[in-house]
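Chemist: Residue numbers (the working numbering), protein chains in the order written: chain A, 1 to 251; chain B, 252 to 525; chain C, 526 to 778.
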Amino acid sequence: MTRALRPVAVPLLLLAGLEAFARTVGRNSDAVAPPSAALLALARAFGDGSLWQATGFTLGAAALGLGLGSAIGASLGLLLGLSRRAAATSFLSIEVLRPIPSVALIPLAMLVFGFGAAMEVSVVAFATVWPMLILMQAAVRQVEPCLLEVSAALQLSPWDRAVKIIVPAVLPRLFVALRLGVAVALVVSVTVEIAANPNGMGYALMIAQQSLDPALMLAWLFWIGAVGYAINEAALFAQRAMARRMGEVAE
Amino acid sequence: MSTVATLTAERAAGTPAREDALVFDRTSIRFGACEVLSPTSLSVARGEFVCIIGPSGCGKTTLLRAAAGFIVPSGGALTRRGLAVTGPSRDVAFVFQDYGRALLPWRTVRGNVSLALEAAHVPEAERPARIERVLGTVGLLSHADKFPAQLSGGMQQRVQIARCLAQEPELLMMDEPFGALDAMTRQDLQDELARLVRERGLTVLFVTHDLEEAIYLGDRVIALRANPGPQRASLAKVIDVEIPRPRNQLSTREHPQFLHLRRELYGFLGHGHD
Amino acid sequence: MRRLDPRALVASVLLLLGFVALWWVVSHAGWLSRAFMPTPESAFAALVQGMISGPLAGYTVATIGRMVVGWLLASLLGIALGTLIGNSPAARTWLQSTLELLRPLPASALVPVAIAVFGLSSSMVLFVVAFGAMWPVLLATIHGLASVPRRLEEVARALQLGRLAFVWKIGLPNAMPDILAGMRLSMTVSLIVSIVGEMIASQQGLGQTILLAARTFQSSELFAGIVLLGAIGFASNSLLAIAEARLLRWQRA
Numbered sequence: 001m002t003r004a005l006r007p008v009a010v011p012l013l014l015l016a017g018l019e020a021f022a023r024t025v026g027r028n029s030d031a032v033a034p035p036s037a038a039l040l041a042l043a044r045a046f047g048d049g050s051l052w053q054a055t056g057f058t059l060g061a062a063a064l065g066l067g068l069g070s071a072i073g074a075s076l077g078l079l080l081g082l083s084r085r086a087a088a089t090s091f092l093s094i095e096v097l098r099p100i101p102s103v104a105l106i107p108l109a110m111l112v113f114g115f116g117a118a119m120e121v122s123v124v125a126f127a128t129v130w131p132m133l134i135l136m137q138a139a140v141r142q143v144e145p146c147l148l149e150v151s152a153a154l155q156l157s158p159w160d161r162a163v164k165i166i167v168p169a170v171l172p173r174l175f176v177a178l179r180l181g182v183a184v185a186l187v188v189s190v191t192v193e194i195a196a197n198p199n200g201m202g203y204a205l206m207i208a209q210q211s212l213d214p215a216l217m218l219a220w221l222f223w224i225g226a227v228g229y230a231i232n233e234a235a236l237f238a239q240r241a242m243a244r245r246m247g248e249v250a251e
Numbered sequence: 252m253s254t255v256a257t258l259t260a261e262r263a264a265g266t267p268a269r270e271d272a273l274v275f276d277r278t279s280i281r282f283g284a285c286e287v288l289s290p291t292s293l294s295v296a297r298g299e300f301v302c303i304i305g306p307s308g309c310g311k312t313t314l315l316r317a318a319a320g321f322i323v324p325s326g327g328a329l330t331r332r333g334l335a336v337t338g339p340s341r342d343v344a345f346v347f348q349d350y351g352r353a354l355l356p357w358r359t360v361r362g363n364v365s366l367a368l369e370a371a372h373v374p375e376a377e378r379p380a381r382i383e384r385v386l387g388t389v390g391l392l393s394h395a396d397k398f399p400a401q402l403s404g405g406m407q408q409r410v411q412i413a414r415c416l417a418q419e420p421e422l423l424m425m426d427e428p429f430g431a432l433d434a435m436t437r438q439d440l441q442d443e444l445a446r447l448v449r450e451r452g453l454t455v456l457f458v459t460h461d462l463e464e465a466i467y468l469g470d471r472v473i474a475l476r477a478n479p480g481p482q483r484a485s486l487a488k489v490i491d492v493e494i495p496r497p498r499n500q501l502s503t504r505e506h507p508q509f510l511h512l513r514r515e516l517y518g519f520l521g522h523g524h525d
Numbered sequence: 526m527r528r529l530d531p532r533a534l535v536a537s538v539l540l541l542l543g544f545v546a547l548w549w550v551v552s553h554a555g556w557l558s559r560a561f562m563p564t565p566e567s568a569f570a571a572l573v574q575g576m577i578s579g580p581l582a583g584y585t586v587a588t589i590g591r592m593v594v595g596w597l598l599a600s601l602l603g604i605a606l607g608t609l610i611g612n613s614p615a616a617r618t619w620l621q622s623t624l625e626l627l628r629p630l631p632a633s634a635l636v637p638v639a640i641a642v643f644g645l646s647s648s649m650v651l652f653v654v655a656f657g658a659m660w661p662v663l664l665a666t667i668h669g670l671a672s673v674p675r676r677l678e679e680v681a682r683a684l685q686l687g688r689l690a691f692v693w694k695i696g697l698p699n700a701m702p703d704i705l706a707g708m709r710l711s712m713t714v715s716l717i718v719s720i721v722g723e724m725i726a727s728q729q730g731l732g733q734t735i736l737l738a739a740r741t742f743q744s745s746e747l748f749a750g751i752v753l754l755g756a757i758g759f760a761s762n763s764l765l766a767i768a769e770a771r772l773l774r775w776q777r778a
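So, in structure tokens, the structure goes:
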């Protein structure tokens, strides 16, 4: 019994410590609140729908941004992986654009789209294009040379070769890249909301801090972490399930 | 080291060594319900080169690791120069079969050998000279500043041996050290090892599955037998190799005694019981 | 680094110039509002002027300084804590799951909390940068120390290497590839959090500059700032990559 409790022992201890601290020394602080109060605030947010609304916005924007970024990144990655010449030609352009931190584009997105979903989606898309592009390109390059020889022997058209041999071969790696993309998308979404966008979980967190409501702030901090953890685990699960379906040994 | 001098002198004088380097007194080793080594008694004299052969899974590596102090015997006694073996010691150097994994990849050849000296707290000023000496012995001086990844398998194994020699051990334990190498490299290293051991008067416990290697190198060959059932491994045969030294890859292997011993021991490899 | 074929290099340069040309055409034709698509010349002019006679150089230094100091702190903390935790199987059992839980938390989510504690100040930003950027290095160090090959542990036993000596001579060097990768990731996080921190806490730096530029519809200044931030990202990553290659040259056969 105690063995199973070990992993949660430290967090519980820390929470208990925070509870004690917040109720005594930090009683009138704007920064700390007892976890019990935070839990209450969280429950309230559950009840009045604000939690769902904000969470839905963030997850929605992240998903759309990821979808857009992945689609562009994967297609480009496929192309660059298949054609050495395209890869060599685009090398410099990619190396110039890639290092731009996605957060640096927040003001530009703000200028173009104003506040709202579009701005966030565009920044997330930019952030997720690069990992997807690079991983796809590498995956295509690493397709078993044997398979390519088989396609040459069967005299498959370039389209058939791409669709019937290469895409299925890189699908597992694609899902790994997607899983990583999910993590990036979430982090970037929340960051955009914290920095500028008056929507979503990040914004709710900022508002809680600005209205000097440490309990609500702590609640949102916890919730953001929890959502992030849950989504990442779900993505990992999906990736592994897909890998098994495609006949790969457990990663 | 005085021990080496005394030993060489003793051997030259033909007098028997005072204490045995290693004594197994009805030593048995058990992992859980399985008795991996049944009670075995064996003495290894100082300066002796003992080879242990046997089929796979017959416990020869276990015997070696127990002698080195990695495993504590479950029964019986195991002593080194009269003292009970409680764990690894700097007097005992261990050469692993997977040389690639036994070297520090981020250190050069020199650095790898230095590790032994650092562990023994040898003063920094003395280290370069000792490293040079030991690298010269194994013929790696010109590769001293290379990384293991840049060396061939044979060279990597020589680095490991060099590191072991830098410990200035009395006992050298070798676990199929040449098993992963090609035949030519193996033969070269066999001769080098024989020379090194002779020069330093080392006591060697050498595990191998190569019957001819065992006879070629050893003063004595110990054959272990794998048994079915709970008592996995036991001593089957101990033979003295009375082939004169120094030995030679061509002539020794055609020596009548060599051929006789080979035939005698053949049955114990992979064919289990008599 | 891939071997650069001169023809490929030329093609690459041409494509990049092609994009710039496209930019020139689009901006001059006015297909997109000048408010957010400046002409290449005006963006370039804003960059040059801002650096030479304007405050951009100072802002750039401020952001770089924040990023580097935060990264150094993060790396030191990460390696130190990581060594303590990674070295002790007991600590790992107790703490591993907690650390895994905290990993997906965006570093920028700590900004509001830090503001509540420290107020809007430079040290607040530095704190968040250091704390946020610590995680990749911390986790990498723990992972690296926990994965010392068994054979090397046995070699250490055979040589009778002391515990401290083991960590210093075998544990940490073995973890080095992981730690260096973590430090590179850490630098990326550091830059991002620095920018966000500057934006929110109105601290002098490129983050604040581009936000203000956007708010005042000064698209040239905005683009200049973005270019500089991209350059910082590029330079810092390249320098670290070079350092990493040098430190890990023993990996290549």
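All C-beta atoms, glycine included, are put in the ideal place defined by N, C-alpha and C.
Note that the structure is a prediction, hence the values are computed from the model and not measured.
Assuming residue 279 of chain B contacts residue 307 of chain B (C-beta within less than 8 Å), just tell me the rounded distance between them.
Modeler: Incorrect: roughly 20 Å between the Cβ atoms, too far for contact.
Chemist: When the Cα of residue 585 of chain C is compared with those of C/631, C/776, C/751 and C/777, which residue comes out closest?
Modeler: Closest option to residue 585 of chain C, Cα to Cα, is C/751.
Chemist: Below 9 Å on C-beta distance, what does residue 209 of chain A contact in chain C?
Modeler: Simply 636, 637, 638, 640 and 641.
Chemist: Quick one, which of A/221, A/201, A/227 and A/25 has its alpha-carbon nearest residue 54 of chain A's?
Modeler: Looking at the Cα atoms, A/201 is the closest of the given residues.
Chemist: Quick one: does residue 420 of chain B have its CB under 7 Å from some CB of chain C?
Modeler: No - not a single Cβ of chain C is within 7 Å of the one on residue 420 of chain B.
Chemist: If we count the other Cβ atoms within 10 Å of its Cβ and call it buried at 16 or more, is residue 144 of chain A buried or exposed?
Modeler: When all chains shown are included, residue 144 of chain A counts as exposed.
Chemist: Applying a beta-carbon distance threshold of less than 8 Å, which residues of chain C neighbour residue 429 of chain B?
Modeler: Chain C residues near residue 429 of chain B: none, gap ~17 Å exceeds 8 Å.
Chemist: Could you name each continuous alpha helix (DSSP H) segment of 4 residues or more that falls completely within the region 45-85 of chain A, going from the start of the chain to the end?
Modeler: For the region 45-85 of chain A, whole alpha helix (DSSP H) runs of length 4 or above, ordered along the chain, are 50-82.
Chemist: What three-state label does DSSP hand residue 162 of chain A in the structure shown?
Modeler: The answer is helix: DSSP assigns residue 162 of chain A an H, G or I state.
Chemist: Using 8 Å as the threshold, is the region 485-492 of chain B in touch with the region 454-473 of chain B, meaning 3 or more CB pairs across them?
Modeler: The answer is yes - the region 454-473 of chain B touches the region 485-492 of chain B, with three or more Cβ pairs under 8 Å.
Chemist: Out of C/632, C/564 and C/546, point me to the one whose CA is closest to residue 717 of chain C's CA.
Modeler: Considering only alpha carbons, the answer is C/632.
Chemist: Going straight from the alpha carbon of residue 281 of chain B to that of residue 303 of chain B, what length do you get?
Modeler: Cα-Cα distance, rounded: 19 Å.
Chemist: At 3 residues or longer, and completely inside the region 411-458 of chain B: list those beta strand (DSSP E) runs for me, N to C.
Modeler: Runs found: 422-426 and 454-458.
Chemist: Using CA coordinates, which residue listed in B/484, B/297 and B/360 is at the minimum distance from residue 387 of chain B?
Modeler: Nearest C-alpha to residue 387 of chain B: B/360.
Chemist: Report the residue from A/3, A/233, A/16 and A/193 whose alpha carbon sits nearest the alpha carbon of residue 109 of chain A.
Modeler: That would be A/193, whose Cα lies nearest to the Cα of residue 109 of chain A.
Chemist: Can you list the residues of chain A that residue 724 of chain C reaches, using a CB-CB cut of under 7 Å?
Modeler: The contacting residues are 195.
Chemist: From the DSSP output, in three-state form, read off residue 625 of chain C for me.
Modeler: Three-state result, residue 625 of chain C: helix.
Chemist: Whose Cβ in chain B lies nearer than 9 Å to the Cβ of residue 738 of chain C?
Modeler: Chain B residues near residue 738 of chain C: none, gap ~47 Å exceeds 9 Å.
Chemist: What residues in the region 674-686 of chain C bring their beta carbon closer than 9 Å to a beta carbon of chain B?
Modeler: If the cut-off is 9 Å between Cβ atoms, the region 674-686 of chain C has 674, 675, 676, 677, 679, 680, 681, 682, 683, 684, 685 and 686 near chain B.
Chemist: When the Cα atoms are used, what is the spatial distance from residue 231 of chain A to residue 222 of chain A?
Modeler: Between residue 231 of chain A and residue 222 of chain A, the C-alpha separation is close to 14 Å.
Chemist: Say whether the region 394-408 of chain B touches the region 432-440 of chain B, bearing in mind that this needs 3 or more beta-carbon pairs closer than 8 Å, one atom from each stretch.
Modeler: At 8 Å Cβ cutoff, the stretches touch.
Chemist: Write down the C-beta distance between residue 123 of chain A and residue 106 of chain A rounded to the nearest angstrom, noting that I regard them as a contact closer than 8 Å.
Modeler: About 6 Å; that satisfies the 8 Å criterion.
Chemist: Between residue 775 of chain C and chain B, is the shortest Cβ-Cβ distance under 7 Å, so that the two count as touching?
Modeler: Residue 775 of chain C counts as touching chain B.
Chemist: Does the pairing of the region 398-405 of chain B with the region 707-726 of chain C give three or more beta-carbon distances under 8 Å?
Modeler: No: fewer than three Cβ pairs fall under 8 Å.
Chemist: Any beta carbon from chain B within less than 7 Å of residue 534 of chain C's own beta carbon?
Modeler: Chain B contact via Cβ: absent.
Chemist: Kindly list, in the order they appear in chain A, the residues whose Cβ is closer than 9 Å to that of residue 530 of chain C.
Modeler: Going along chain A in sequence order, the residues near residue 530 of chain C (Cβ under 9 Å) are 88.
Chemist: Do the region 437-453 of chain B and the region 421-429 of chain B meet, that is, are 3 or more Cβ pairs less than 8 Å apart?
Modeler: With the cut-off at 8 Å, the region 437-453 of chain B and the region 421-429 of chain B touch.
Chemist: Which ranges does the alpha helix (DSSP H) cover as unbroken runs of at least 4 residues, wholly within the region 485-518 of chain B, from first to last along the chain?
Modeler: Runs of the alpha helix (DSSP H) inside the region 485-518 of chain B: 507-517.
Chemist: Between residue 82 of chain A and residue 114 of chain A, what straight-line distance do the alpha-carbon atoms span, to the nearest angstrom?
Modeler: Residue 82 of chain A and residue 114 of chain A: Cα-Cα distance of roughly 38 Å.
Chemist: Can you name, in chain order, every residue of its own chain whose Cβ lies under 6 Å from the Cβ of residue 236 of chain B, other than the five neighbours on each side?
Modeler: No answer is possible for residue 236 of chain B: the residues shown for chain B start at 252 and end at 525.
Chemist: If I'm right that residue 181 of chain A touches residue 132 of chain A with Cβ under 8 Å, what's the distance once you round it to whole angstroms?
Modeler: The Cβ separation is near 6 Å, so the contact holds.
Chemist: Find out if the Cβ-Cβ distance for the pair residue 380 of chain B, residue 418 of chain B is shorter than 7 Å.
Modeler: No.
Chemist: In the DSSP assignment, what residue or residues form a beta bridge with residue 331 of chain B?
Modeler: The partner list for residue 331 of chain B (beta bridge, DSSP) reads B/273 and B/334.
Chemist: At a Cβ cut of 7 Å, what residues of the region 394-413 of chain B count as close to chain C, listed as they run along the chain?
Modeler: Hits within the stretch, in order: 398, 400 and 401.
Chemist: If you compare alpha carbons, which of C/713, C/672 and C/635 is closest to residue 780 of chain C?
Modeler: The question about residue 780 of chain C has no answer here: the residues shown for chain C are numbered 526 through 778.
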